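These notes are about the structure you will find just below.
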Amino acid sequence: MPFSVARCVMEKSPHSMLVGEGAQEFASRNGFPVESNSLLQSQNSREAFQKFIEKPGQEQEAESHDTIDWAAAATGDGDKMMRFCPAFHVVQLMKEKHSGKAGTTTKPFEMALIAINKKGDFGAAGTVPFFEDERQNTSFAGFPFVVWTEEMSTPEIRVQPPVC
Numbered sequence: 004m005p006f007s008v009a010r011c012v013m014e015k016s017p018h019s020m021l022v023g024e025g026a027q028e029f030a031s032r033n034g035f036p037v038e039s040n041s042l043l044q045s046q047n048s049r050e051a052f053q054k055f056i057e058k059p060g061q062e063q064e065a066e067s068h069d070t071i072d073w074a075a076a077a078t079g080d081g082d083k084m085m086r087f088c089p090a091f092h093v094v095q096l097m098k099e100k101h102s103g104k105a106g107t108t109t110k111p112f113e114m115a116l117i118a119i120n121k122k123g124d125f126g127a128a129g130t131v132p133f134f135e136d137e138r139q140n141t142s143f144a145g146f147p148f149v150v151w152t153e154e155m156s157t158p159e160i161r162v163q164p165p166v167c
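Terminal number for the sequence shown in this note's numbering: 167, no gaps in between.
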């Protein structure tokens, strides 16, 4: 049944996925019955989960994961971010020895990226032509982001003009 609901999401909504109450409401509205999550669990998955929660805070070796040297984040239309994974792409470029300034060169949709490596080299790119912060009553001609390096006593807002 979950596959049928997922197909319905693809066919009848503009979204890539739905979660929480919105997902349940969508499924009900489209004639799908509400079912227990236990129907999706195997005995093996229940045992693995129980073992995991009994041993919280498992230690990891510093070199045993992929978040050692690079970081990137993207914002914009979440469905498009999931489809194109621009932050992942930027990290891959940095792994190939590009700087943190590696980013997008085309404008497929409105988005923004920031990236940093372990040396503190950072970069930003975006297609955002204008950003208005209603809480601060401030506007920016481009994508605003905050930088705070070791050499700076306070953080500062920088604005990246849109990439055309």
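We put the beta carbon where it would ideally sit given N, CA and C, even for glycine. Note that the structure is a prediction, hence the values are computed from the model and not measured.
- The beta-carbon separation of residue 114 and residue 89, rounded to 6 Å, stays under the 8 Å limit for a contact.
- For residue 21, there is no enclosing beta strand (DSSP E), as DSSP marks it with neither H nor E.
- Residue 40 carries a helical assignment under DSSP once its states are collapsed to helix, strand and coil.
- In the structure shown, residue 114 adopts extended strand secondary structure according to DSSP, grouped into three states.
- In the structure shown, the three-state DSSP call for residue 93 is helix.
- Here DSSP, grouped into helix, strand and coil, assigns residue 156 to coil.
- Residue 134 and residue 55 have their C-alpha atoms roughly 43 Å apart.
- Note that the segment 10-27 touches the segment 73-88; at least 3 beta-carbon pairs, one per stretch, sit closer than 8 Å.
- Note: residue 47 is not bridge-paired with any residue in the DSSP secondary-structure output.
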